[in-house]
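> When we follow UniProt numbering, the leftmost residue of the sequence shown carries the number 1, and every step to the right adds one. For every residue, glycine included, the Cβ atom is placed at its ideal position computed from N, Cα and C. Please read these numbers as outputs of a predicted model, since none were measured by experiment. Take this structure first; my questions come after.
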Amino acid sequence: MDSLKGRWKRLNGNDNKWVAACRAASARKRSGMSDQDVENEAHSIYKGDGGNGFQDLIVFNEVMSKHEKWSIHDATHVFPDNENFANEQDGSNSKRTKTSESGEYTIPSNPETPTSRHSTSSRPICKDKAKRKGKGKVTQSDSINAQCAADLHAVRLAKDNENEIARARLQLEREKLDRPSMKMYQKMLLKLLEKEHLSPEDQDMKRNLTEIVFGK
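Here you go:
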């Protein structure tokens, strides 16, 4: 926001200086001078003694000059390339008229300014840029959050898979350890089954072995 305010402050100051230079150049206009000559004179006035040139001419012509604050009360729209712009501003009110034998041009006392047929919203274009930039940040943040969520989900799946593999390996190890014991229990049970008469102790052992081998 501070950078936008700084840019707007610089643009506002430069445009005010440019308007003053254009008006001064128009006042100095001599017979035979073209619009380009007047624009060149305005640039010279703007630069002054070793100053920088006006770098925001496109923005000024397309946006700023449509606002009354930066309007240049001249027959043309801040020195456009084609001189038919005056006709687009409703004809004769914007045209310069030749009033003396010397060929000098004068401007009507109440010319219709280029801003008279345009909406005059006072909000600078910088604010629109700020809004678009803000929306871009929100979209980028949402994208990053979605990517982080996807990465965390993948990590959880990988962790669950590792745990499942570990459980399977543990079960296999248990089965390996249980196999010799199971065979021994089966042999003991067979011996007890082969006996015709079992003591109470043998009966208890038979019952326990049956539960181990065949389950409850």
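Return the first residue and the last residue of the alpha helix (DSSP H) that glutamine 203 is part of.
Run containing glutamine 203: 200-214, per the alpha helix (DSSP H) assignment.
> How about leucine 190 and leucine 198: are their beta carbons less than 8 angstroms apart?
Not in contact: leucine 190 and leucine 198 (Cβ atoms no closer than 8 angstroms).
> Find the nearest neighbour of lysine 69 within the set Val19, Asn52, Met182 and Glu41, judged by alpha-carbon distance.
The residue with the shortest Cα to Cα distance from lysine 69 is Val19.
> Determine the extent of the alpha helix (DSSP H) in which serine 26 is found, giving its start and end residues.
Start and end: 2-27.
> Which same chain residues, not among the five before or five after glycine 43, have their C-beta less than 7 angstroms away from its C-beta?
Just to set this straight, residue 43 is histidine in the shown sequence, not glycine. Gly53 and Phe54.
> Assuming contact is defined by CB atoms lying nearer than 8 angstroms, are leucine 209 and methionine 182 in contact in what I supplied?
Against a cut-off of 8 angstroms, the Cβ pair of methionine 182 and leucine 209 comes out as no contact.
> Does the stretch 55-69 come close enough to the stretch 21-35 that 3 or more CB-CB pairs lie under 8 angstroms?
No contact exists between the stretch 21-35 and the stretch 55-69.
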